[in-house]
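In what follows, a structure is listed as structure tokens, so that the remarks can point back to it.
Pasting the structure below:
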């Protein structure tokens, strides 16, 4: 049986996993839609989005409209029978949502209705959840609000970082494409309406959310904050008006009488920072204006002079 004509919508690396899975499973992807390419770095060189690059490698036509609504007719000229989206980044207009005979579906990395929005992976760890997942869901005009056709759960380890969870959810996204999308196309999956009373939103991580406030966050909250933002956008603490980015950390739960944020010194390869209810142990960091380094390297330089100083 001929597989339906698919137009894929997506932009970042996570979406590439879904597009590649569609191609690996032999689906007929007739076009890809991605956010416009943007200038990157000090030289402001235009760099293709990950989906743009992958689609080009596979000879798939790519459209990158600034405003999707204005280019709807161009997209529909590819006569899609199914639209598949993942982390596209714009609201898809009704003119597109209503066109495909098989509808429009989205691959979303959370257990909906929990964590609608652009940063579900970060928020699952920020909130200390022990599980999350990937959903195959109906695309509707309202963000991430459509019926859910299938969900695959994954466990979140106590020390799992955002980067590690991202990889785990990519694996489940591949399984969703391999196992659930064919059943959806065959009409075998029944959509379940989301419970609006259980909706939790996961907005994009703002610059303000990157800072760890040791004065306000207990040891668990601070640790979740640090590991959620590895490897992007990377959390930081402020000490004597300097930023220190945190790349690798662990927590130690124990009582102490130190003020939160106090640098207790360096031990066993870690910079120890007091927090309410325990110690945050930083193993890799980047002082402002310096390169990324281990805590030992930092200690052998200017680091030991910070013992007794207090992070904000």
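In this note's numbering, the protein residues as written are 35 to 346.
Glycine residues also receive a C-beta, built at the ideal position from the N, C-alpha and C atoms.
If you're wondering where the values come from, they're calculated on a predicted model, not measured in any experiment.
Classified as buried, residue 200 has 16 or more neighbouring CB atoms from the shown chains inside 10 Å of its CB. For secondary structure counted as the beta strand (DSSP E) over 3 or more consecutive residues, the region 137 to 217 holds these complete runs in sequence order: 138 to 142, 148 to 150, 165 to 172, 182 to 189.
Where residue 122 is concerned, there is no enclosing beta strand (DSSP E), because DSSP gives it neither an H nor an E. Taken atom to atom, the span from the alpha-carbon of residue 230 to that of residue 309 is near 36 Å.
In this structure residue 194 is buried. Its beta-carbon is surrounded by 16 or more other beta-carbon atoms within 10 angstroms.
Under the DSSP definition of a beta bridge, residue 306 partners with 299, 315. Separation of the CB atoms of residue 170 and residue 139 is rounded to 6 Å, and the pair is thereby assigned contact status at 8 Å.
Ranked by how close their Cα comes to the Cα of residue 295, the residues 338, 268, 342 have 342 in first place. Residue 333 carries a helical assignment under DSSP once its states are collapsed to helix, strand and coil. For the set 217, 224, 237, the Cα lying nearest the Cα of residue 155 is the one of 237. Assignment of residue 270 by DSSP, reduced to helix, strand and coil, places it in the strand class.
DSSP places residue 89 inside the alpha helix (DSSP H), whose first and last residues are 84 to 91.
Taking C-beta separations shorter than 7 Å and ignoring five residues to either side along the sequence, the partners of residue 88 in its chain run 50, 53, 54, following chain order. Residue 168 and residue 82 have their C-alpha atoms some 26 Å from each other. Per DSSP, the beta bridge partners of residue 79 are 74. Rounded to the nearest angstrom, the Cβ distance from residue 141 to residue 120 is 4 Å, consistent with a contact under 8 Å. Where residue 66 is concerned, the enclosing beta strand (DSSP E) starts and stops at 62 to 67. Minimum Cα-Cα distance from residue 311 among the listed residues 254, 44, 326, 305 corresponds to 254. Per the coordinates, the alpha-carbon of residue 337 lies some 56 Å from the alpha-carbon of residue 109. The way I'd put it, the region 156 to 166 doesn't touch the region 176 to 183; fewer than three beta-carbon pairs between them come closer than 8 Å. By the Cβ neighbour-count rule, residue 293 is exposed, with fewer than 16 other Cβ atoms within 10 Å of its own. Look at residue 242 here: in three-state DSSP terms it is helix. Residue state for residue 133 is assigned as coil, using DSSP reduced to three classes.
One thing to note: residue 45 has its Cβ within 8 Å of the Cβ of residue 122.
For residue 344, there is no enclosing alpha helix (DSSP H), as DSSP marks it with neither H nor E.
For the 8 Å CB-CB criterion, residue 287 and residue 248 do not form a contact.
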